[in-house]
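J.:
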């Protein structure tokens, strides 16, 4: 490890011009991932960015690492093959709410179920941006778009619930407008051994501007959001006078002194599910941070353990066997 050159975020910037719209939240995420990877202590040749189709999927071009720009919705499948073939790689899937949850939804749930040791970063702007503004699987009911001129009647996915229901061993959420918080979440994901799912609320300034403004604007965010921090009480509010208490499978707003202590490392996903359900209640704050973080064998490790075990018993074998 001592022979590995210490990287800086600048070392991970490619020669390509970054061509997202001015003001796009993707710039913040790009900076966050470059800073995170620079501190991981691994050589660039062991870093791989994999993407599908969408605005977020330009990502591999802007990273001075190995990259694979795949076809629509297939990034998770490609990344799974890479990680199983070479477990030494640090594999990052970059996807969006359309690419990852619509055409790519099936690959998403199975890569989480299998606990492939890779990092899945889902940029959620609640819209199809690259194709100029159609509603996506996460668009809120009633959103008027080019494909829903009178408002979408679909019931939206909550990505965090989908990840938890798929058995993901690491589930977290952050925002593009909070780079310091994002850096902490990305570092935790990078250090997790297993499938790490990170949803990032990201603003599309062209086709869905202000989608998250009631939770991100400075004048309201302290009252409307809460940070989940392991070992600390769930407290929020501009005066830090409110708390969340979990009781009888419900989450209630209480006085700060009565707030429950957050713990993402318990094996049961029930508490994490309860936190995600707050997204459906307009009277509750939106939670951010690490929702679940547990240990479980990874697919890539299990595959290689099995190969080693069978080889020891039966030999290497050949195509004639």
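In the working numbering, the protein residues as written are 220 to 540.
C-beta atoms are modelled at their ideal positions from N, C-alpha and C, and glycine is treated no differently.
I'd like the ranges of any alpha helix (DSSP H) spanning at least 4 consecutive residues and lying wholly in the segment 280–368.
T.: Listed in chain order, the complete alpha helix (DSSP H) runs (minimum 4 residues) inside the segment 280–368 are 294–304, 324–332.
J.: What is the DSSP secondary structure of residue 489, reduced to helix, strand or coil?
T.: Taking the chain shown and counting its residues from 1, one reaches residue 489 at position 270. Helix at residue 489.
J.: Residue range of the alpha helix (DSSP H) that residue 415 falls in?
T.: Position 196 of the chain shown, counted from the start, is the residue given in the question as residue 415. That residue, residue 415, is in no alpha helix (DSSP H); its beta strand (DSSP E) goes 415–420.
J.: So, is residue 457 buried or exposed, given that buried needs 16 or more other C-beta atoms within 10 angstroms?
T.: Counted from its first residue, the chain shown places residue 457 at position 238. With fewer than 16 Cβ atoms within 10 Å of its Cβ, residue 457 is classed as exposed.
J.: Quick one: what's residue 461 bridged to in DSSP?
T.: Residue numbering aside, residue 461 sits at position 242 when the chain shown is read from its first letter. In the DSSP output, where bridge partners are listed per residue, residue 461 has 455, 474.
J.: Output the distance between the C-alpha atoms of residue 489 and residue 352, rounded to the nearest integer angstrom.
T.: Within the chain shown, numbered from 1, the residue matching residue 489 stands at position 270. Within the chain shown, numbered from 1, the residue matching residue 352 stands at position 133. Each residue's Cα considered, the two are about 35 angstroms apart.
J.: Distance, Cα to Cα, residue 387 vs residue 307?
T.: Residue mapping note: residue 387 aligns to position 168 of the chain shown, counting from 1. Residue mapping note: residue 307 aligns to position 88 of the chain shown, counting from 1. Between residue 387 and residue 307, the C-alpha separation is close to 21 angstroms.
J.: Do you know how far the Cα of residue 285 is from the Cα of residue 512?
T.: Locating residue 512 in the chain shown gives position 293, where the first residue counts as 1. Locating residue 285 in the chain shown gives position 66, where the first residue counts as 1. Computed Cα separation, rounded: 28 angstroms.
J.: Taking residue 391 as part of the alpha helix (DSSP H), name the residues at either end of that continuous run.
T.: Within the chain shown, the letter at position 172 stands for residue 391. Here residue 391 belongs to no alpha helix (DSSP H); instead the beta strand (DSSP E) covers 389–394.
J.: Can you list, in chain order, the residues of its chain whose CB lies under 6 angstroms from that of residue 407, leaving out five sequence neighbours each side?
T.: Translated into positions along the chain shown, residue 407 becomes position 188. So the list reads 509, once near-sequence residues are dropped.
J.: Span of the alpha helix (DSSP H) holding residue 549?
T.: Within the shown structure, residues of the chain are numbered from 220 to 540, placing residue 549 beyond reach of any answer.
J.: By Cβ distance below 7 angstroms, which residues in the same chain neighbour residue 289 in space, the five residues on each side in sequence not counted?
T.: Here the question's residue 289 lines up with position 70 in the chain shown. If we look at residue 289 and ignore the five residues flanking it on each side, its Cβ neighbours are 269, 270, 271, 297.
J.: Is the segment 409–416 touching the segment 468–484 in the sense that three or more CB pairs, one from each, lie closer than 8 angstroms?
T.: The answer is no - the segment 409–416 does not touch the segment 468–484, with fewer than three Cβ pairs under 8 angstroms.
J.: Should residue 335 go down as buried or exposed, given a rule of 16 or more other Cβ atoms within 10 Å for buried?
T.: Numbered from its first residue, the chain shown carries residue 335 at position 116. With 16 or more Cβ atoms within 10 Å of its Cβ, residue 335 is classed as buried.
J.: Going by C-alpha to C-alpha distance, which of 438, 455, 436, 451 sits closest to residue 445?
T.: Taking the chain shown and counting its residues from 1, the one referred to as residue 445 is at position 226. Answer by Cα proximity: 455.
J.: For residue 316, would you say it is in contact with chain B, using Cβ-to-Cβ distances shorter than 8 angstroms as the test?
T.: Here there is only one protein chain, and chain B is not present.
J.: Nearest-angstrom Cα distance between residue 464 and residue 503?
T.: Mapped onto the chain shown, residue 464 falls at position 245. Mapped onto the chain shown, residue 503 falls at position 284. Straight-line Cα distance between these residues: approximately 12 angstroms.
J.: Decide if the segment 309–320 is in contact with the segment 522–534; the criterion is three or more beta carbon pairs, one per stretch, under 8 angstroms apart.
T.: Result no; under three Cβ-Cβ pairs closer than 8 angstroms.
J.: Determine which residues share a DSSP beta bridge with residue 506 and list them.
T.: For the purposes of this step, residue 506 is identified with residue 287 of the chain shown, where counting begins at 1. BP columns for residue 506 point to 445.
J.: By how many angstroms is the C-alpha of residue 474 removed from the C-alpha of residue 282?
T.: Indexing the chain shown from 1 puts residue 282 at position 63. Indexing the chain shown from 1 puts residue 474 at position 255. Their backbone Cα atoms lie some 46 angstroms apart in a straight line.
J.: Just grab the DSSP bridge partners of residue 270 for me.
T.: Here residue 270 is taken as the residue at index 51 of the chain shown, counted from 1. 288, 313.
J.: Going by other Cβ atoms of all chains shown within 10 Å of its Cβ, with 16 needed for buried, is residue 399 buried or exposed?
T.: The count along the chain shown starts at 1 and reaches residue 399 at position 180. Its Cβ having fewer than 16 others within 10 Å, residue 399 is exposed.
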